[in-house]
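Q: Structure incoming, see below.
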Amino acid sequence: MQVHHILKSKATDEVVTVKSGTTISDVARILTDKRIGTVVVSNDDEIALGILSERDIVRELANRGATCLSETVDSYMTEKLVTCSRNDDADHILAQMTEGRFRHMPVVEDGKLVGLITIGDVVKARLTELAMERNALEGMIMGH
């Protein structure tokens, strides 16, 4: 299964972005309101400058206290992004996410942001694929 199959199966293709300079408290509100775990930092909704997750915010709250909430995403975002393309293999992406211990990966084509997949998206797609394979094998065994 490839990343483009996963993107098609998602309920929405929206990637929530924030501009550099957005405060951590504003990002926390966006994450809460939209019930999501990460935002991509982009000033034009096309070029991903970084990514900031709820884990990043919690880590800074533990390290620095509530003062970090008035600072901007530029201070805490991950700038060295690990991205994928639509044609990448889902098993490879799952291995990268597991090994790198991150849960969100921007999908980029020709330098432009085209989607975002989560480890949950990849696992769900893989489970669906395995169920289809199991059903096909059961059908063959049963003579269907």
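1 is the number of the first residue of the sequence shown in full-length UniProt numbering; add one for each residue after it. For glycine and all other residues, C-beta sits at the position ideal for the given N, C-alpha and C.
(1) What residue does the alpha helix (DSSP H) around residue 132 start on, and which one ends it?
(2) Can you tell me which of 52, 72 and 80 puts its alpha carbon nearest to the alpha carbon of residue 22?
(3) To the nearest angstrom, how far is it from the Cα of residue 106 to the Cα of residue 60?
(4) In three-state DSSP terms, what is residue 105?
(5) Ignore the nearest five residues each way along the sequence and tell me which others in residue 65's own chain have a CB closer than 8 Å to its CB.
(6) Which of the three DSSP states is assigned to residue 20 in this structure?
A: The relevant details are as follows:
(1) 119–142
(2) 72
(3) Cα-Cα distance, rounded: 22 Å.
(4) strand
(5) none
(6) coil
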